[in-house]
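Participant:
Number of protein chains: 2
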Amino acid sequence: MTEQHFTLPLFTVDNVMFAIDNAKLNVLLVKRAAEPYNNYWSLPGGVVDVTLDKDVEACAMRKLQQKTGLTPAYLEQLEVFSGPDRDPRGYSISLAFFALLPYTPVSSNINSVSHVSWWPLDQLHQLTLAFDHQHIIHHAHQRLQQKALYSMLPVFCLPSTFTVGQLKTVIETILGKEIQRKSLMRRIEASNMFTLTEQKQHSGGRQAQLYQLKPGVNITHFNRNMGA
Amino acid sequence: MTEQHFTLPLFTVDNVMFAIDNAKLNVLLVKRAAEPYNNYWSLPGGVVDVTLDKDVEACAMRKLQQKTGLTPAYLEQLEVFSGPDRDPRGYSISLAFFALLPYTPVSSNINSVSHVSWWPLDQLHQLTLAFDHQHIIHHAHQRLQQKALYSMLPVFCLPSTFTVGQLKTVIETILGKEIQRKSLMRRIEASNMFTLTEQKQHSGGRQAQLYQLKPGVNITHFNRNMGA
DNA sequence: GAAATAGTGTCTTTGAGACACTATATG
DNA sequence: CATATAGTGTCTCAAAGACACTATTTC
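Going down the list, the sequences are from chains A and B. For the first sequence, position 37 (counting from the first letter as 1) is numbered 106 according to the numbering used here, and the numbering increases by one without interruption. For the second sequence, position 48 (counting from the first letter as 1) is numbered 117 according to the numbering used here, and the numbering increases by one without interruption.
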């Protein structure tokens, strides 16, 4: 808070927000409109505003809302990335968050053309992203995969009411491999996180039971990994 | 890097370094010698020096060395703690690290009296620590316990050569409960992280096999939790 | 030999994997 | 009826828990 007279590193927040569309993992990116990396795709983020943000989580939320119009269903700190070379302007420190959301199309309700967009994870290698954002996304993806093995975190990629089949698909998309429906049902049962609702049809087949998160429950962590 | 003219939050690094002495978990604390919280015990930390620290990890290492004379065997990012109220000087952001080391006595080789000291974790509630450091230590402890359930991390609390019995004691101290020797041996075997050496006696009993970390191996993560 | 610590053998328990089988929907 | 998706029954498999038993050392 004191006026600093020596060189201070720049502290920023970056968000890796994931959602699943079309059976693929997508990341939300925004197009930069300033140097450096002008016109490059980048992670939505920014600097803390001491007067608005009660903490760094609030800052991450605010920046996501402001830059993309979306609010994550789940948000957690990923890791701090730092060093003299990741930003051409000099030494920088960035706290990356990773976030989950049920897929929501983004029209560029913010500005003119397509400044905000979902990008399939498997197409990112074709892009050159700003700063070390490619690297950060890779770490976030790994964390997400790890957590999908032992927790119910993937439910945050689903609407408030969903079927076991949908959850199975989400987990499989995150992991990039199939899991046993039976194992998932056992976990749903054991977690005691959900309540039941009416029915709902899917494509041609038997109607599936609809589940719903109990209000205010914590996500269950299991003490074994699944599918690994 | 630019000279900022609006209020910037203060970014600092704090270290929660654990070691085991006398069958107890200890945390390394330093006595503050400046306001605020003058003369209170606190976590060793400080601000990033752009010219010395290639990243925040290097900063954490340097501060530990400088303030305590010790270098951790293991260091990882814990979490960022932030907000307007944790430091009376104003909005602050602190990246906490958690670190492990085989127990080494600290003589106050730094300054006059006891400005650096190991404190048993179970006696900390008797102290009033600076800032939110009590809270940070609690988080670090939880993380350490969690990781002890599914990884070989606790070996970093042991000297370069050690017995199964010693590792068992370390893990039990961290977890605060007993584990099965057999389970631990299975993990040591399965991890393939160690090589054998000669022998060594302990108190009255059969000599124990000495193990040693293979050079350059990664710590193994298992896909089940132990003892939980 | 008694006590103490190190290490093994092996049965039980827990929870995931595999996969066949039943149930209910649509055309 | 065929086909598709939902859900169950149940056997197998992997790894941890329990715990007795053997091995080696000191006194």
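The C-beta atom is built at its ideal place from N, Cα and C for all residues, glycine as well. Please read these numbers as outputs of a predicted model, since none were measured by experiment.
Does any residue of chain A have a CB that is nearer than 8 Å to the CB of Gln73/B?
Facilitator: Looking up residue 73/B in the second sequence gives position 4. Because Gln73/B carries a pLDDT of 48, less than 50, the predicted location of this residue cannot be relied on, and the following value inherits that uncertainty. Gln73/B counts as touching chain A.
Participant: Just how far apart, CA to CA, sit Val286/A and Tyr280/A?
Facilitator: The residue you call residue 286/A lines up with position 217 of the first sequence. The residue you call residue 280/A lines up with position 211 of the first sequence. Their backbone Cα atoms lie some 14 Å apart in a straight line.
Participant: Would Ile162/B pass as an interface residue toward chain A - the criterion being a Cβ-Cβ separation below 8 Å?
Facilitator: By 1-based counting over the second sequence, the position of residue 162/B is 93. Judged by the 8 Å Cβ criterion, Ile162/B is in contact with chain A.
Participant: What are the residues of the region 98-112 of chain B that lie near chain A, defined by any Cβ-Cβ distance shorter than 8 Å?
Facilitator: none
Participant: Taking just the CA atoms, how far does Leu94/B sit from Thr232/B?
Facilitator: The count along the second sequence starts at 1 and reaches residue 232/B at position 163. The count along the second sequence starts at 1 and reaches residue 94/B at position 25. Between Thr232/B and Leu94/B, the C-alpha separation is close to 19 Å.
Participant: Hey, is Glu148/A's beta-carbon within less than 8 Å of any beta-carbon in chain B?
Facilitator: As a working note, residue 148/A is residue 79 in the first sequence. Chain B contact via Cβ: present.
Participant: Kindly provide the ranges of any alpha helix (DSSP H) runs that are 4 or more residues long and lie completely inside the region 114-144 of chain B, ordered along the chain.
Facilitator: At a cut-off of 4 residues, the continuous stretches assigned as alpha helix (DSSP H) that sit fully inside the region 114-144 of chain B are 125-137.
Participant: Does the region 102-110 of chain A come close enough to the region 129-146 of chain A that 3 or more CB-CB pairs lie under 8 Å?
Facilitator: no
Participant: Could you pull the DSSP bridge partners for Asp321/A from this structure?
Facilitator: Past the boundaries of the shown model lies residue 321/A; chain A is included only from 70 to 297, so the question cannot be answered.
Participant: Spatial neighbours of Gln328/A within its chain, please: CB distance less than 8 Å, with the 5 preceding and 5 following residues excluded, ordered by chain position.
Facilitator: Outside the modelled stretch of chain A, which goes from 70 to 297, sits residue 328/A, for which no answer is possible.
Participant: Could you pull the DSSP bridge partners for Phe167/B from this structure?
Facilitator: Against the second sequence, residue 167/B aligns to sequence position 98. For Phe167/B, which the question treats as bridged, DSSP gives the partners Val85/B and Glu145/B.
Participant: Would Asn261/A count as contacting chain B if we go by Cβ distances under 8 Å?
Facilitator: Here residue 261/A corresponds to residue number 192 of the first sequence, with the count starting at 1. Asn261/A does not count as touching chain B.
Participant: Have a look at Phe200/B and Val175/B and give me their C-alpha separation to the nearest angstrom.
Facilitator: Translated into positions along the second sequence, residue 200/B becomes position 131. Translated into positions along the second sequence, residue 175/B becomes position 106. Taking the straight line joining both Cα atoms gives about 23 Å.
Participant: Around the Cβ of Gly274/B, are there at least 16 other Cβ atoms within 10 angstroms (buried) or fewer (exposed)?
Facilitator: What you label residue 274/B is simply residue 205 of the second sequence in a count that begins at 1. Exposed, because fewer than 16 other Cβ atoms sit within 10 Å of the Cβ of Gly274/B.
Participant: Which same chain residues end up closer than 7 Å to His210/A when comparing Cβ atoms and leaving out the 5 residues on each side of it in sequence?
Facilitator: Residue mapping note: residue 210/A aligns to position 141 of the first sequence, counting from 1. Correct list, in chain order: Leu190.
Participant: Against chain B, does Asp201/A count as a neighbour if the rule is that its beta carbon must be under 8 Å from one of theirs?
Facilitator: For the purposes of this step, residue 201/A is identified with residue 132 of the first sequence, where counting begins at 1. For Asp201/A, the answer is no, since every Cβ of chain B falls outside 8 Å of its Cβ.
Participant: Find out if the Cβ-Cβ distance for the pair Phe87/B, Ala217/B is shorter than 8 Å.
Facilitator: Residue mapping note: residue 87/B aligns to position 18 of the second sequence, counting from 1. Residue mapping note: residue 217/B aligns to position 148 of the second sequence, counting from 1. No, these two residues do not count as a Cβ contact at 8 Å.
Participant: Give me, in chain order, the residues of the same chain whose beta-carbon lies closer than 8 Å to that of Leu265/A; leave out the 5 immediate sequence neighbours on both sides.
Facilitator: In the first sequence, the residue the question calls residue 265/A occupies position 196. Around Leu265/A: Gln278, Leu279, Tyr280 and Gln281.
Participant: Could you spell out the range, first to last residue, of the beta strand (DSSP E) harbouring Gln235/B?
Facilitator: Position 166 of the second sequence, counted from the start, is the residue given in the question as residue 235/B. Premise fails: Gln235/B lies in the alpha helix (DSSP H), Val233 to Leu244, not in any beta strand (DSSP E).
Participant: Taking the alpha carbon of His202/B as the point to measure from, which residue in Leu236/B, Glu241/B and Thr81/B has its own alpha carbon closest?
Facilitator: Locating residue 202/B in the second sequence gives position 133, where the first residue counts as 1. Considering only alpha carbons, the answer is Thr81/B.
Participant: Using the rule of at least 16 other Cβ atoms within 10 Å of the residue's Cβ for burial, across every protein chain shown, is Asn261/B buried or exposed?
Facilitator: Walking along the second sequence from the start, residue 261/B turns up at place 192. The residue in question, Asn261/B, is exposed, as its Cβ has fewer than 16 Cβ neighbours within 10 Å.
Participant: Please report the straight-line C-alpha distance between Ala297/B and Asn292/A, rounded to a whole angstrom.
Facilitator: The residue labelled residue 297/B in the question sits at position 228 within the second sequence. The residue labelled residue 292/A in the question sits at position 223 within the first sequence. Computed Cα separation, rounded: 7 Å.
Participant: Tell me whether Glu72/A sits in a helix, a strand or coil according to DSSP, three-state version.
Facilitator: Your numbering for residue 72/A matches position 3 in the first sequence. Legend: pLDDT at Glu72/A = 49, less than 50; position of this residue unreliable, value from coordinates given subsequently. In the structure shown, Glu72/A sits in coil (DSSP, three-state: anything other than H, G, I, E or B).
Participant: What residues in its chain sit with their C-beta under 7 Å from that of Ile243/A, if we drop five residues either side in the sequence?
Facilitator: Working through the first sequence from its first residue, we reach residue 243/A at position 174. Counting only Cβ-Cβ distances below 7 Å, and skipping sequence neighbours, we find Leu94, Leu213, Gln214, Ala217 and Pro223.
Participant: Are the beta-carbon atoms belonging to Leu193/A and Val85/A less than 8 Å from one another?
Facilitator: In the first sequence, counting from the first residue as 1, residue 193/A sits at position 124. In the first sequence, counting from the first residue as 1, residue 85/A sits at position 16. Not in contact: Leu193/A and Val85/A (Cβ atoms no closer than 8 Å).
Participant: Taking only beta-carbon atoms, is Asn95/B less than 8 Å away from chain A?
Facilitator: Residue 95/B sits at position 26 when you count from the first residue of the second sequence. Output row for Asn95/B: interface = no.
Participant: Listing by chain order, which chain B residues have their CB less than 8 Å from the CB of Gly152/A?
Facilitator: Looking up residue 152/A in the first sequence gives position 83. Result: Lys123 and Asp124.
Participant: Taking all protein chains shown into account, decide if Lys251/B is buried (16 or more other Cβ within 10 angstroms of its Cβ) or exposed.
Facilitator: Residue numbering aside, residue 251/B sits at position 182 when the second sequence is read from its first letter. Burial call: exposed.
Participant: For Ile206/B, which residues of its own chain have a beta-carbon under 8 Å away from its beta-carbon, when the five flanking residues on both sides are left out?
Facilitator: Taking the first residue of the second sequence as 1, we reach residue 206/B at position 137. Val85, Val96, Leu112, Leu190, Leu193 and Leu198.
Participant: So Leu253/B is in the alpha helix (DSSP H); what residue range does that whole segment cover?
Facilitator: Here residue 253/B corresponds to residue number 184 of the second sequence, with the count starting at 1. For Leu253/B, the uninterrupted alpha helix (DSSP H) segment begins and ends at Arg250 to Ser260.
Participant: Measure from the C-beta of Ala297/A to each C-beta in chain B and report whether the shortest distance is under 8 Å.
Facilitator: Mapped onto the first sequence, residue 297/A falls at position 228. At least one chain B Cβ lies under 8 Å of Ala297/A.
Participant: In chain A, which residues lie less than 7 Å from Asn292/B when you measure between Cβ atoms?
Facilitator: Position 223 of the second sequence, counting from 1, holds the residue named residue 292/B. Near Asn292/B (Cβ distances below 7 Å), the residues of chain A are Arg293, Asn294 and Ala297.
Participant: Please report the straight-line C-alpha distance between Leu79/B and Leu196/B, rounded to a whole angstrom.
Facilitator: Position 10 of the second sequence, counted from the start, is the residue given in the question as residue 79/B. Position 127 of the second sequence, counted from the start, is the residue given in the question as residue 196/B. Answer to the nearest angstrom: the Cα atoms are 25 Å apart.
Participant: Run down chain A in chain order and give the residues with a C-beta less than 9 Å from the C-beta of Phe80/B.
Facilitator: Reading the second sequence from its first residue, position 11 is the one you call residue 80/B. Result: Leu77, Pro78, Phe80 and Ile162.
Participant: Got a sec, what are the start and stop residues for the beta strand (DSSP E) Gln270/A sits in?
Facilitator: Your numbering for residue 270/A matches position 201 in the first sequence. Premise fails: Gln270/A is in no beta strand (DSSP E) and is neither H nor E.
Participant: Output the distance between the C-alpha atoms of Gln235/A and Ile288/A, rounded to the nearest integer angstrom.
Facilitator: As a position in the first sequence, residue 235/A is number 166, starting the count at 1. As a position in the first sequence, residue 288/A is number 219, starting the count at 1. Cα to Cα, Gln235/A sits roughly 18 Å from Ile288/A.
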